[in-house]
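Q: Under the numbering used here, the first residue of the sequence shown is numbered 528, with each subsequent residue one higher.
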Amino acid sequence: MSLSSERPQRILLAVTGGVAAFKGVLLLRELQRSGFDVRVLATESALRFVGEPTWHALSRAPVAHDLWSPGAGAGELHVELARDADAMVIYPATTRVVGSLAAGITDDLVTLTASCMNGPVVVCPAMHTAMANWEPHRAAKASLVAAGLRVVEPVSGPLASGETGFGRLPEPSQALEALARALAPQDLAGKRVLVSAGPTREHVDPVRFLSNPSTGRMGFAVARAAARRGAHVTLVAGPVSLPTPDGVHRVDVESAQEMRDALGAEFTTTDLLVMTAAVADFRPASITTHKLRKSEVGETPSLALERTDDILAGLSAVATGQVLVGFAMETSNLAESARGKLERKGLDLVVANHLHTAGAGFGTETNVVVLVSKDSTDELPLLSKDAVAERILDRVGPLVHERSQEP
Ligand code: CTP
């Protein structure tokens, strides 16, 4: 999606006339934040709910709403809009718009433009429960799906009528996810991807542990990106506070040993393992089952440590063609140390970053990485973690296919 491509992708955000039109403003913001270039289209009735100046100011472009306006070039406006867009999202879509599209009636700029789209069209209906359950509307939705449009179903919740029920517009994040999936290459369709993320905790006693500041963001971004590309994704996560990406199977663990067992249970059927977790390299040699008292440890307490298993090296030793990606956070000799890990652990790719580079490392939204493989070293610029995830998958996707074709 737009996250890794050179040119920002253009999305047509079409708003139609329902009370939920105000949520379109939030979707506009989320799309912009995700790096999309957004052009707003509205029906005349949508503009009675949220006015033209709002859309114009936030999208920094005129709102397309008049069927009779000429295009910027020699052609017609709806043809130009559709031609220049990578995808369209109708948010919210009224009963009338869903019915018109299903019947092939193009009597306003939104339906006309939708009929000219080559790229994906995502439709997000929102209405009162009675209308949402109305059989002609349900049949219209089904025929949109049959025609290849993507319908994001309404959810249950508070409605404009003051009642609570089915028909509420899904949140902007759900519309964004549907768009991202529609735009993602399906190069991992049907493949099994296993991702580890976050820190591990190695307990000293029930209330104290050794850990590190990993937030899990990089691994969650990889899991999300792989799911968007059609993979079956299992995400083994240490203790982090992040929501599970859509369509991802999550297994929560705490210690390095639990992470090793959870990954081991999935590994044989995996096509690609991406090991982003900051696994503890050592743990207390013994855990006390009660809280240690100051009186027990004395004035100069010491902690005996033992090594944990190297999970990635252990899985690499029993691999049967899985593509293996490791991460390496270094404080010196970045590429050289990463290459050492690549060879020592038998990996296909190491994603290395430097702890002290601005914008890289623990807890940031961005990362600055070097991709090290057997025969190349690629330095990537400062990118969002989502964009880094896309670059990693772009890189290993062909290898996953090559390996799965080997006898
Ligand atoms: N890793 C692992 N099990 C461990 C430690 C690390 O599977 N016990 C994985 C990490 O998830 C990462 C890769 O190995 O993908 C490299 O981790 P890193 O800590 O940088 O490397 P180490 O092998 O621990 O080497 P060193 O401590 O010498 O830097």
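Backbone N, C-alpha and C define an ideal beta-carbon position, used for all residues, glycine too.
For PHE809, write down the residues that DSSP places opposite it in a beta bridge.
A: ARG834.
Q: Say the cut is 6 Å; is the CB of ALA620 nearer than that to a heavy atom of the ligand CTP?
A: No - the ligand CTP has no heavy atom lying nearer than 6 Å to the Cβ of ALA620.
Q: Return the Cβ separation of PRO663 and GLY545 in integer angstroms, given the expectation that the two are a contact with Cβ distance under 8 Å.
A: Actually they do not touch by this definition, with Cβ atoms about 18 Å apart.
Q: Suppose the cutoff is 8 Å on Cβ atoms and the five residues either side in sequence are ignored; what does the same chain contact list for MET658 look like?
A: Within the same chain, MET658 has close Cβ partners THR622, HIS664, GLY694.
Q: Could you check if ASN894 is buried or exposed, using at least 16 other CB atoms within 10 Å of its CB as the buried criterion?
A: ASN894 comes out buried.
Q: Measuring alpha carbon to alpha carbon, tell me which of VAL780, ALA601, LYS550, GLN536 ends up nearest PRO697.
A: The residue with the shortest Cα to Cα distance from PRO697 is LYS550.
Q: By the three-class DSSP mapping on this structure, what secondary structure does ASP714 have?
A: DSSP places ASP714 in coil when its eight states are reduced to three.
Q: With respect to 6 Å, is the separation between the Cβ of VAL850 and the closest non-hydrogen atom of the ligand CTP below this value?
A: No, since every heavy atom of the ligand CTP falls outside the 6 Å radius drawn around the Cβ of VAL850.
Q: Output yes or no for whether 7 Å exceeds the beta carbon distance between VAL471 and VAL775.
A: Coverage of the chain is limited to positions 528 through 934, which leaves residue 471 absent and any answer about it impossible.
Q: Is ILE617 a contact residue of the ligand CTP, with contact defined as CB to any heavy atom under 6 Å?
A: No, the beta carbon of ILE617 sits no closer than 6 Å to any heavy atom of the ligand CTP.
Q: Among ASP732, GLY757, ALA805, THR795, which one has its Cα closest to the Cα of PRO766?
A: Nearest C-alpha to PRO766: ALA805.
Q: Looking only at C-alpha atoms, which of ALA754, PHE747, THR815 sits nearest to VAL936?
A: Not covered by the structure: residue 936. The range shown for the chain is 528 to 934.
Q: Can you tell me whether THR795 is buried or exposed, with buried defined as 16 or more other CB within 10 angstroms of its CB?
A: With fewer than 16 other Cβ atoms within 10 Å, it is exposed.
Q: So if DSSP puts ILE617 in a beta bridge, which residue, or which two residues, is it bridged to?
A: Note: ILE617 sits in a beta bridge opposite ALA541, VAL650.
Q: Between the alpha carbons of ASP921 and GLN849, how many angstroms are there, rounded?
A: Going by the C-alpha atoms only, they are around 16 Å apart.
Q: For GLY631, which residues in the same chain have their Cβ closer than 7 Å to its Cβ, ignoring the five residues on either side in sequence?
A: Taken in chain order, the list of residues that qualify is empty.
Q: For a test of your reading of the model: does the CB of GLY853 fall under 6 Å from any non-hydrogen atom of the ligand CTP? Yes or no.
A: It does: the Cβ of GLY853 is within 6 Å (strictly closer) of some heavy atom of the ligand CTP.
Q: Looking at the structure shown, is GLU906 part of a helix, part of a strand, or coil, going by DSSP?
A: The answer is strand: DSSP assigns GLU906 an E or B state.
Q: Excluding the 5 residues preceding and the 5 following VAL935 in the sequence, name in chain order all residues of the same chain whose CB lies nearer than 8 Å to its CB.
A: Limits of the chain in this structure are 528 at one end and 934 at the other, which puts residue 935 out of reach.
Q: Compare the beta carbon distance of LEU861 and HIS881 with 7 Å and say whether it is the shorter of the two.
A: Yes, the pair counts as a contact, with Cβ atoms nearer than the cut-off.
Q: Quick check on DSSP: helix, strand or coil for LEU574?
A: Residue state, collapsed to three classes: helix.
Q: Okay, do the region 602–612 and the region 643–659 touch, 3+ Cβ pairs below 8 Å being the bar?
A: Yes: at least three Cβ pairs fall under 8 Å.
Q: I need the straight-line Cα distance from ALA865 to ARG810, nearest angstrom please.
A: Roughly 24 Å between the two C-alpha positions.
Q: Between VAL625 and PRO589, is the Cβ-Cβ spacing less than 7 Å?
A: Cβ distance not < 7 Å, so VAL625 and PRO589 don't count as in contact.
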